[in-house]
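K.L.:
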Amino acid sequence: MKILISGASVAGPVLAYWLHRYGFEPTVVERTPAMRHGLGGHAVDLFGPGAEVARRMGCWDAIEAARTRIESMTIERFGKRPVHVDLSRLYAGISGSHVEILRGELTKILSDATRAGTEYVFGDSIATLHDDGAGVDVTFESGDERRFDLVIGADGMHSTVRRLAFGPEESMRRPLGGYLAVFSMPDVLDLGNGMVAHFSVDRIVAGYGVHQTGQTRAGFLFRTPHELHYDYRDKDEQKALLAKEFRDYGWKAPLLLEHLPAAEDFYFDSISQITLDTWQRGRIGLVGDAGFCPAPAVGGGTSLAVVTAYILAGELAAARSDLPSGLRNYERTVRRMVDLSRAIGPKVMRTLIPGSPTALKLMPFAAAAVPKLPTSVQRFIWSQNAVGKALSSVPLPDYSDLTRVPRAA
């Protein structure tokens, strides 16, 4: 059976890998002209069952080797002494299986695992979808026309598949009031394997070292009292918006912003959730951020995308003769995990970016105190954490009896 996947970031390659293992013929279409991998993009976390999926794919060793290796963070505020945080101890306490990795690196590792059994179509996108009950006729922007047994949107928060099959994004997007921007620049701050972050009310400016390139990744997080309006594909407009928001900030922000115009890997988006009542409609389905983005930077979205893609492939394989039934079973299986993950974002947004002078005063000391606790205590705290509970709310199924193609060496 032929399955079309839109999107080649995280959920797409994971889904393609497992579909091939279960005997399907996956095709991945990606709007960008080449695989989006390398050392650009922001850092993401993979842990818990997401790490276990990577192990089952044979990717975990490569992912661990590509970790960011950020060992410490210095928190600064206007008029206050710096506070130092030992991140190496903090990460050890989060989970026995945790890696922070650049998104581009993770994408490369996951997509490399799919090369033997997946057709990739770059520089194209889906223009129309027609589900006649027996299959889906797809017209691509290039003009090509093909027919598939199933179409899956794994194309992120601004999903084309979701727009075509479920309706406009505006009716499904829930802004949480914040924005995230990230870009690469020379290591003018001499950070090495460290991070420095400056906090103020409703604003964070940070930089962290990228050991593979010797560069710095600059990051900006901020809240606004009203939603900003911009074209999510117009990077020049987004750069101008970011520069305007931080032009009077002070600290090292002007130095970081000097390198903004030349940034080729610039990322900017709202911290928003995607909320739908269902992620399947006939022979069209959604996975990862396309269906249930818990919000960038606040909800464990990368691990959620990996786990749900794995489960989707398994449920499709289990219902091989009735793929729409497999979509429905997938939705039932992951519903609790998704609901718990989406409940996290609003709570994290209240604490991630200090929203008051009191929060600004207390946050650095809480961040510095946790890594000093015994690892067993840290892991207990993590076990009570909403992200940990969400990702562990559904036991990771074993679909190994459905495998038809052995894993490549």
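The sequence shown begins at 712 in this note's numbering and counts up one residue at a time. Using N, Cα and C, we set each Cβ at its ideal position, and we do this for glycine too. None of the values given here were measured: they were computed from a predicted structure.
#1: Around the Cβ of residue 732, are there at least 16 other Cβ atoms within 10 angstroms (buried) or fewer (exposed)?
#2: Spatial neighbours of residue 901 within its chain, please: CB distance less than 8 Å, with the 5 preceding and 5 following residues excluded, ordered by chain position.
#3: Buried or exposed: residue 939, going by 16 or more other Cβ atoms within 10 Å of its Cβ?
#4: Would you list the residues sitting across from residue 782 in a DSSP beta bridge?
#5: Quick one, which of 718, 1013, 1046 has its alpha-carbon nearest residue 863's?
#6: In this structure, how does DSSP classify residue 1063 when only helix, strand and coil are distinguished?
#7: By how many angstroms is the C-alpha of residue 999 removed from the C-alpha of residue 1042?
#8: Are at least three pairs of beta-carbons, each pair with one atom in the segment 1025-1033 and one in the segment 768-777, less than 8 Å apart?
#9: Let me know if residue 1076 comes out buried or exposed under the rule of 16 or more other beta-carbons within 10 Å of its beta-carbon.
#10: For residue 756, count neighbouring Cβ atoms within 10 angstroms of its own Cβ and tell me buried if that reaches 16, exposed if not.
#11: Identify the residues that DSSP records as bridge partners of residue 906: which are they?
#12: Does the segment 999-1009 touch the segment 958-965, meaning 3 or more C-beta pairs lie closer than 8 Å?
#13: Per DSSP, residue 980 forms a beta bridge with which residues?
#14: For the segment 820-827 against the segment 842-858, do three or more pairs of beta-carbon atoms, one drawn from each stretch, fall closer than 8 Å, so that the two count as touching?
#15: Starting from residue 772, follow the alpha helix (DSSP H) in both directions and report where the run begins and ends.
#16: Could you round the C-beta distance between residue 754 and residue 812 to whole angstroms and report it? I think they count as a contact, below 8 Å.
#17: In the DSSP assignment, what residue or residues form a beta bridge with residue 991?
#18: Residues bridged to residue 713 by DSSP?
#19: Between which residues of its own chain and residue 768 is the CB-CB distance below 7 Å, once the five residues before and five after are set aside?
#20: With a CB to CB cut of under 6 Å and the five nearest residues on each side skipped, what residues in its chain are close to residue 890?
#21: Between 1022, 839, 946, which has its C-alpha nearest residue 1044's C-alpha?
#22: By Cβ distance, which residues of its chain are closer than 8 Å to residue 1039, with the 5 residues on each side in sequence left out?
#23: Going by C-alpha to C-alpha distance, which of 869, 876, 894 sits closest to residue 884?
#24: Tell me the rounded alpha-carbon separation between residue 1055 and residue 764.
#25: Quick check: the Cα distance between residue 814 and residue 915, rounded to an integer number of angstroms?
#26: Within its chain, find whatever has a CB closer than 8 Å to the CB of residue 905; leave out the 5 residues flanking it on each side and keep chain order.
#27: Where DSSP assigns a beta bridge to residue 896, which residues make up the other side?
#28: Can you round the beta-carbon distance between residue 872 and residue 859 to whole angstroms, since I take them to be within the 8 Å contact cut?
#29: Tell whether a beta-carbon distance below 8 Å holds between residue 723 and residue 739.
#30: Taking just the CA atoms, how far does residue 822 sit from residue 837?
#31: Are the CB atoms of residue 1066 and residue 942 nearer to each other than 8 Å?
#32: Where does residue 866 land, buried or exposed, given buried means 16+ other C-beta within 10 angstroms?
#33: Hey, would you say residue 927 sits closer than 8 Å to residue 898, going by beta carbons?
#34: Suppose you measure from the CA of residue 1063 to the CA of residue 1069; what does that come to, to the nearest Å?
#35: Give a yes or no on whether the C-beta atoms belonging to residue 1016 and residue 721 are separated by under 8 Å.
#36: Considering only residues of the same chain and omitting the five flanking positions on each side of residue 886, which have a CB-CB separation below 6 Å?
P.N.:
From the atom records:
#1: Here residue 732 corresponds to residue number 21 of the sequence shown, with the count starting at 1. With 16 or more Cβ atoms within 10 Å of its Cβ, residue 732 is classed as buried.
#2: For the purposes of this step, residue 901 is identified with residue 190 of the sequence shown, where counting begins at 1. Within the same chain, residue 901 has no close Cβ partners at all.
#3: On the sequence shown, residue 939 is found 228 positions in, with the first residue counted as 1. Exposed, because fewer than 16 other Cβ atoms sit within 10 Å of the Cβ of residue 939.
#4: The count along the sequence shown starts at 1 and reaches residue 782 at position 71. Answer by DSSP bridge pairing: none, since residue 782 is not bridged.
#5: Along the sequence shown, read from residue 1 onward, the residue named residue 863 stands at position 152. For residue 863, the nearest C-alpha among the options comes from 718.
#6: Within the sequence shown, numbered from 1, the residue matching residue 1063 stands at position 352. In this structure, residue 1063 counts as helix in the three-state DSSP scheme.
#7: The residue you call residue 1042 lines up with position 331 of the sequence shown. The residue you call residue 999 lines up with position 288 of the sequence shown. Whole-angstrom Cα-Cα distance: 12 Å.
#8: no
#9: In the sequence shown, the residue the question calls residue 1076 occupies position 365. Classification of residue 1076: exposed, given that the 10 Å Cβ count is below 16.
#10: In the sequence shown, the residue the question calls residue 756 occupies position 45. The residue is buried, with at least 16 neighbouring Cβ atoms inside 10 Å.
#11: What you label residue 906 is simply residue 195 of the sequence shown in a count that begins at 1. Paired residue(s): 784, 919.
#12: no
#13: Locating residue 980 in the sequence shown gives position 269, counting from the first residue. In DSSP, residue 980 forms a bridge with 891.
#14: no
#15: Here residue 772 refers to the residue found at position 61 of the sequence shown. Looking at the DSSP string, the run of the alpha helix (DSSP H) that includes residue 772 is 771-776.
#16: Against the sequence shown, residue 754 aligns to sequence position 43. Against the sequence shown, residue 812 aligns to sequence position 101. Sure, about 7 Å apart at Cβ, within 8 Å.
#17: By one-based count along the sequence shown, residue 991 stands at place 280. According to DSSP, residue 991 bridges with 996.
#18: Here residue 713 refers to the residue found at position 2 when the sequence shown is read from its first residue. In DSSP, residue 713 forms a bridge with 736.
#19: Here residue 768 refers to the residue found at position 57 when the sequence shown is read from its first residue. Contacts found: 728, 824.
#20: Residue numbering aside, residue 890 sits at position 179 when the sequence shown is read from its first letter. Excluding residues within five positions, the ones whose Cβ falls inside 6 Å are 933, 981.
#21: Indexing the sequence shown from 1 puts residue 1044 at position 333. Closest by alpha carbon: 1022.
#22: In the sequence shown, residue 1039 corresponds to position 328, counting from 1. Closer than 8 Å at the Cβ level, and outside the excluded window around residue 1039, lie 991.
#23: Residue mapping note: residue 884 aligns to position 173 of the sequence shown, counting from 1. Per the Cα distances, 869.
#24: Position 344 of the sequence shown, counted from the first residue, corresponds to residue 1055. Position 53 of the sequence shown, counted from the first residue, corresponds to residue 764. Distance between the alpha carbons of residue 1055 and residue 764 is about 22 Å.
#25: In the sequence shown, the residue the question calls residue 814 occupies position 103. In the sequence shown, the residue the question calls residue 915 occupies position 204. Rounded to whole angstroms, residue 814 to residue 915 spans 21 Å at the Cα level.
#26: Along the sequence shown, one-based indexing puts residue 905 at 194. For residue 905, where only same-chain residues beyond five positions count, the Cβ hits under 8 Å are 781, 782, 783, 784, 785, 919, 920.
#27: Here the question's residue 896 lines up with position 185 in the sequence shown. For residue 896, which the question treats as bridged, DSSP gives the partners 927.
#28: As a working note, residue 872 is residue 161 in the sequence shown. As a working note, residue 859 is residue 148 in the sequence shown. Their Cβ separation, rounded to whole angstroms, is 12 Å, which puts residue 872 and residue 859 out of contact at 8 Å.
#29: Taking the sequence shown and counting its residues from 1, one reaches residue 723 at position 12. Taking the sequence shown and counting its residues from 1, one reaches residue 739 at position 28. Their beta carbons are under 8 Å apart, which means residue 723 touches residue 739 by this criterion.
#30: Taking the first residue of the sequence shown as position 1, residue 837 is located at position 126. Taking the first residue of the sequence shown as position 1, residue 822 is located at position 111. Taking the straight line joining both Cα atoms gives about 20 Å.
#31: Here residue 1066 corresponds to residue number 355 of the sequence shown, with the count starting at 1. Here residue 942 corresponds to residue number 231 of the sequence shown, with the count starting at 1. For residue 1066 and residue 942, no; Cβs fall outside 8 Å.
#32: Translated into the one-based positions of the sequence shown, residue 866 becomes position 155. Buried, since its Cβ has 16 or more Cβ neighbours within 10 Å.
#33: Indexing the sequence shown from 1 puts residue 927 at position 216. Indexing the sequence shown from 1 puts residue 898 at position 187. Contact flag set, yes.
#34: Translated into the one-based positions of the sequence shown, residue 1063 becomes position 352. Translated into the one-based positions of the sequence shown, residue 1069 becomes position 358. Taking the straight line joining both Cα atoms gives about 13 Å.
#35: As a working mapping, residue 1016 is identified with position 305 in the sequence shown. As a working mapping, residue 721 is identified with position 10 in the sequence shown. For residue 1016 and residue 721, yes; Cβs fall inside 8 Å.
#36: Residue mapping note: residue 886 aligns to position 175 of the sequence shown, counting from 1. Here the set comprises 938, 981, 983.
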